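Engineer: Residue numbers (our numbering), protein chains in the order written: chain V, 53 to 352; chain X, 53 to 352; chain P, 53 to 352; chain C, 53 to 352. Glycine included, each C-beta is placed from N, C-alpha and C at the ideal position. These numbers come from a predicted model, not from an experiment.
Protein chains: 4
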Amino acid sequence: MQIGFVGLGKMGFNLALNLHRHGYEVVAYDVAIDNIKNISLEGVTPAYSLIEMCQQLDGRKVIWLMVPAGKPVDDCIELLVPHLDQHDIIIDGGNSNFNDSVRRYNYLKSKGIDYLDCGTSGGVEGALYGACTMIGGEDEVFNHCASVFRDISVENGYLHAGGPGSGHFVKMVHNGIEYGMMQAIAEGFEVMEQSKYDLDLQQVARVFNHGSVVRSWLMELVESAFSKDPKLDTIKGVMHSSGEGKWTLETALDMGIPTPVIALSLIMRYRSQQDDTFTGKVVAALRNEFGGHAVEKVVP
Amino acid sequence: MQIGFVGLGKMGFNLALNLHRHGYEVVAYDVAIDNIKNISLEGVTPAYSLIEMCQQLDGRKVIWLMVPAGKPVDDCIELLVPHLDQHDIIIDGGNSNFNDSVRRYNYLKSKGIDYLDCGTSGGVEGALYGACTMIGGEDEVFNHCASVFRDISVENGYLHAGGPGSGHFVKMVHNGIEYGMMQAIAEGFEVMEQSKYDLDLQQVARVFNHGSVVRSWLMELVESAFSKDPKLDTIKGVMHSSGEGKWTLETALDMGIPTPVIALSLIMRYRSQQDDTFTGKVVAALRNEFGGHAVEKVVP
Amino acid sequence: MQIGFVGLGKMGFNLALNLHRHGYEVVAYDVAIDNIKNISLEGVTPAYSLIEMCQQLDGRKVIWLMVPAGKPVDDCIELLVPHLDQHDIIIDGGNSNFNDSVRRYNYLKSKGIDYLDCGTSGGVEGALYGACTMIGGEDEVFNHCASVFRDISVENGYLHAGGPGSGHFVKMVHNGIEYGMMQAIAEGFEVMEQSKYDLDLQQVARVFNHGSVVRSWLMELVESAFSKDPKLDTIKGVMHSSGEGKWTLETALDMGIPTPVIALSLIMRYRSQQDDTFTGKVVAALRNEFGGHAVEKVVP
Amino acid sequence: MQIGFVGLGKMGFNLALNLHRHGYEVVAYDVAIDNIKNISLEGVTPAYSLIEMCQQLDGRKVIWLMVPAGKPVDDCIELLVPHLDQHDIIIDGGNSNFNDSVRRYNYLKSKGIDYLDCGTSGGVEGALYGACTMIGGEDEVFNHCASVFRDISVENGYLHAGGPGSGHFVKMVHNGIEYGMMQAIAEGFEVMEQSKYDLDLQQVARVFNHGSVVRSWLMELVESAFSKDPKLDTIKGVMHSSGEGKWTLETALDMGIPTPVIALSLIMRYRSQQDDTFTGKVVAALRNEFGGHAVEKVVP
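1. Which word fits Asp144/C, buried or exposed, when buried means at least 16 other C-beta atoms lie within 10 angstroms of its C-beta?
2. Specify the secondary structure class of Glu272/C as computed by DSSP and reduced to three states.
3. Does any residue of chain V bring its CB to less than 8 Å from the CB of Gln235/P?
4. Using C-beta distances below 8 Å, list every residue in its chain close to Val114/P, excluding the 5 sequence neighbours before and after it, in chain order.
5. Just checking my contact of His220/X with Ser153/X at CB under 8 Å: how many whole Å lie between their CB atoms?
6. Using a cut-off of 9 Å between C-beta atoms, extract the partners of Glu296/X located in chain V.
7. DSSP state of Glu302/P, grouped into three classes?
8. Interface residues of chain X around Thr303/P at Cβ under 9 Å?
9. Buried or exposed for Ile309/V, going by 16 or more other Cβ atoms inside 10 Å?
10. Does any residue of chain V have a CB that is nearer than 8 Å to the CB of Ser276/X?
11. Closest by CA to Gly263/V, which one among Val266/C, Gln246/C and His226/C?
12. With distances taken Cα to Cα, identify the nearest neighbour of Glu272/X among Val265/X, Asn261/X, Ser279/X and Ser317/X.
13. In this structure, does DSSP put Leu71/X in helix, strand or coil?
14. When burial is assigned at 16 or more other CB atoms within 10 Å of the CB, is Leu71/X buried or exposed?
15. Keeping to the same chain, check which residues put their C-beta closer than 7 Å to that of Arg339/P; ignore five residues upstream and five downstream.
16. Would you mind giving the Cβ-Cβ distance between Ser218/P and Ser268/X, rounded to the nearest angstrom? I have them listed as a contact below 8 Å.
17. Tell me Ala337/V's beta-bridge partners as DSSP assigns them.
18. So, Val78/X versus Val96/X, is the Cβ gap smaller than 8 Å?
19. Buried or exposed for Pro98/V, going by 16 or more other Cβ atoms inside 10 Å?
20. Taking Cβ positions, are Ile91/P and Ala80/P nearer each other than 8 Å?
21. Tell me which same chain residues have a C-beta within less than 6 Å of the C-beta of Asp166/P, skipping the five on either side of it?
22. Any idea what DSSP makes of His292/X, helix, strand or coil?
23. Along the beta strand (DSSP E) that carries Ile55/P, what are the first and last residues, could you check?
24. Give a yes or no on whether 8 Å exceeds the smallest Cβ distance from Thr329/X to chain V.
25. Got a sec: which bits of the segment 307 to 318 of chain X sit with their beta carbon under 8 Å from any beta carbon on chain C, in order along the chain?
26. So Val222/P and Gly171/P are in contact, right, with Cβ under 8 Å, and what is the actual spacing, rounded?
27. With DSSP as the reference, please indicate the residues paired to Gly171/P in a beta bridge.
28. Got a sec: does the ligand GTP put a non-hydrogen atom nearer than 7 Å to the Cβ of Ser293/X?
29. Just list the residues that DSSP pairs His212/C with in beta bridges.
30. State the DSSP-derived secondary structure class of Glu207/P, mapped to helix, strand or coil.
31. Nearest-angstrom Cα distance between Phe150/P and Tyr231/P?
32. Which same chain residues end up closer than 8 Å to Asp252/C when comparing Cβ atoms and leaving out the 5 residues on each side of it in sequence?
33. Please report the distance separating the alpha-carbon of Leu250/P from that of Gly214/X.
34. Can the beta-carbon of Tyr100/P be found closer than 8 Å to that of Val259/X?
35. Is the distance from the Cβ of Ser276/P to the Cβ of Glu341/C below 8 Å?
36. Mind pulling the chain X residues with CB within less than 7 Å of Tyr322/C?
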């Protein structure tokens, strides 16, 4: 089976290779020519433009997009559409907002092109050795591609979640949960790191991973991180985010569902990106106003 | 009426003066001799030791303590007890934990000495020109001192809340509310300060204070703060705290009552005292482990 | 000066009357004919259609909209535009999202019609006796209407905040702050209500309003509420919301600004609208799974 | 090796059996005679009093306590002490507060008796087939008992965390993390359950457990729970708690460490135990006071 593959970043490169190793004839394109060359060294068929990629695909085309969420996906779809035939299939395997996926499904439907949204989890290692995939879209389209999802995923690691958008929806919530779990774990380790006990945090993570209630892949990654840098001395505690936690919260707000832990996980990420806060300045100024409590002065 | 007064810090000095100006014969003591001298310049009778203070008080002694919460109050009580007679009255006007006040009430009761706990709000200005006082203790003892509370408070600004500890309890909750209100106000001003609109925040605070739902003394203080430093450029956003918000949360936890806003007000104060967080390091390390997301490195 | 007035709900009726009492010639319309009749009894000129209203306005028309946020505002503008001349002025005095206001400003600008967005605070009483108004829009347009805002507001209670949208932006943040302040106050009163002390909560609110740091209009309203129902026994604790708290949070999220207290105020409102939660079911099920902790069963 | 075992509840029974199956000569006592009889049917030596238990232990006694945290542990220690010799060892394997464990260590030290605190995780299944144990105490004492911890734990599943109290401290934090992880997972599933997609939540949990970032034992338990009750229709969402989440938060507060997610996990548990809230009543009353927003009335 042939697969057109667009986007050879960290995740895409590994996923394309994963497909290739499972016997798919992958025709891969990226905006960065080096990425195309590198993957061709692995035996993957290179394509140096989207058109060239489409021309190399026979029959009902299946094209996997692994490009940044937002405009790049729309741009890519616009460029592909002229080269697609009725019922060719675009799979968006990136981190798109599920509302965008529903919109894109409807747009492509109006042009006779099929579409699946696929949330992909498991990190860069998973992309290569076995991912976790959550797919939204029509049954017939999913069934046509089912072997693809089965083969690139770990055993039992794929799910046809439901109609259009549901794959990215479930993946979005997955990431919301992930934010909460990570923050919970991290808070716990801060309490331990600051405690009067001189704990070996790598050993604590290790024991947590053997028989405890909180054993998890994330805890294994904590153990791994401490094995490289026992006090994380070299790492700044700046927590970036790429959108899905925010979307989970926004979706919950739209639905009127209380998700305080997911909300605070996100909010603390934003807080971590600030050195000083205007909120803090106002509170400090107020304490000074009514109580004469000294403020700390900014050193010019 | 005579009043022994112990503790001439910012609040105590003004409160002693307030009493003096209302015609009370205040005999004032402080551990810092300068404070004693300064208040004697205002016409207040100085005492250079607790014993000397007690000796100058006739009849049923009334002694107002305005010393830091915790050990200083206990120490002061220990030093006073030998010089007190049955039904002499100690009023703790400081920010003591209400559980301590209950304990002290019981301890003094066992010695035949009367006790009132008085939460005092209104800041340093209020201490001088009219405070807000919340008093806990027995009826007879409160009634004996009622005129004191009436005179130092603004009109309608004192309340015999209930039995022993209730004065400090109500004051504790007052401060918990205050934390939440301050944080809410401050968050709103951060949103405005960072917005695309070039808002004059002093003017915003001014208009909020004239007819809006959020008009309040705290908002007046916001206006005052911005009048001195329009962008609070000179102030660091470090938010200290003195215990009562924490006690409110701890009390709520003991009662199983959800107080998320008071909790987060306190938690964000703690966060403001950290430059970097171990929590952030752990989350950043995890994102790097599973997603290859670059961490920001600590610059040595 | 003439003013066309659209929308005679609780706020609009009072505001129209306020204008009338300040000597403006108000021509008022509402979708509900009873509202029109009622306000005509107060001496306000009735109009039984938007066209009729426009026809009665001479010179540069000034039309105040006080209709529900969202589609009603757009619909109203669509119906008005054909009857407006260049530089006639629409003032949206309702609770519109500031992003909508910016969009409407630009739309009307393209048609040569002027526009101001005005956030109005102070409740229904304020609407009649003196509101708090925050206005966004161009200087010339604001200046033309400045006396209107001055007259319907309490002294010092109006502000030309900035360009288009800024009035509704500042009002939105005002409401976000209001959510936080209300939740903080309410949490404190729950702690007091559940405490071992038999506190008279009306008296507590009263004393808080005389000299304390938390004195505020909201606390006066707390006192008023307790004066009517000392334990609030007749009121269910369901907290509805009308959008501005949510918009404040969404705006903060878009700006990457941490507003935990405003977030939690909103989230707890959503929580109050649920009888039982799926979140709770999942946690209870998990505790049963790993610890054998009994779950509470739903009674059919 | 002999082990005295006190407390045959869900966890204790399984743990005693686990020890027995690993070849230890377990002498078991419980306050409930049925529990003693039941475990004797499994070949464990019964003891019908603490004295009898002690009398059956030779040499340096090792006694494992698995009784409810708090007073029962202190009571049990008081009853045991007269029957212990110098350097006999008490292991507290229950969920004691680490501060209590430090206190008990010091108390027993003063009597010449050795003490280890052991946090035990893994649920009731883990207690039988392989637990996760975190031990605090002196090296010599730990080393004497090391084989016990090794044998009852899964491979790599035990850790000598540090000095006295550290075992229960690490276990406390483990539970704090667990609270946060559970709440994060549960919030995500509520968002999915309420969504427009008709998701099969068991299948979602299943796919999350195969290759995703959030794969974890807790997620496996979610899958298991949904396999029994696909919509959790029979379970009320009341989330009880047994102390360790609260202690984690209190400890963090004492240390000035921000743990918003752990805090909110706990707070939402408390909220789940309320049908209606006074907080909600106050906010609803306030909205009525200033905006005339109708309150929902309590149906008598």
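Structural biologist: In this structure, then:
1. buried
2. helix
3. no
4. If we look at Val114/P and ignore the five residues flanking it on each side, its Cβ neighbours are Met53, Gln54, Ile55, Gly56, Asp140, Ile141, Ile143, His196, Cys197 and Val200.
5. About 5 Å separates the two Cβ atoms, so the contact holds.
6. Near Glu296/X there are no residues of chain V at all, since even the closest Cβ is about 12 Å away, more than 9 Å.
7. helix
8. Result: Val243 and Ser247.
9. buried
10. yes
11. His226/C
12. Asn261/X
13. helix
14. buried
15. His345
16. In fact, because the Cβ distance is near 23 Å, the residues do not count as touching under 8 Å.
17. Note: Ala337/V sits in no beta bridge, so no partner.
18. Their beta carbons are under 8 Å apart, which means Val78/X touches Val96/X by this criterion.
19. buried
20. Against a cut-off of 8 Å, the Cβ pair of Ala80/P and Ile91/P comes out as a contact.
21. His139, Ile141 and Val193
22. Coil at His292/X, not helix or strand.
23. Gln54 to Val58
24. yes
25. Gly308, Ile309, Pro310, Thr311, Pro312, Ala315, Leu316 and Leu318
26. 6 Å
27. Met186/P
28. The ligand GTP is absent from the structure shown, which contains no ligand whatsoever.
29. Ile187/C
30. The answer is strand: DSSP assigns Glu207/P an E or B state.
31. 18 Å
32. Pro282
33. Note on identity: in this sequence residue 250/P is Asp, with Leu being the wrong assignment. For Asp250/P and Gly214/X, the distance between alpha carbons rounds to 7 Å.
34. no
35. Yes, these two residues count as a Cβ contact at 8 Å.
36. Gly308, Ile309 and Pro310
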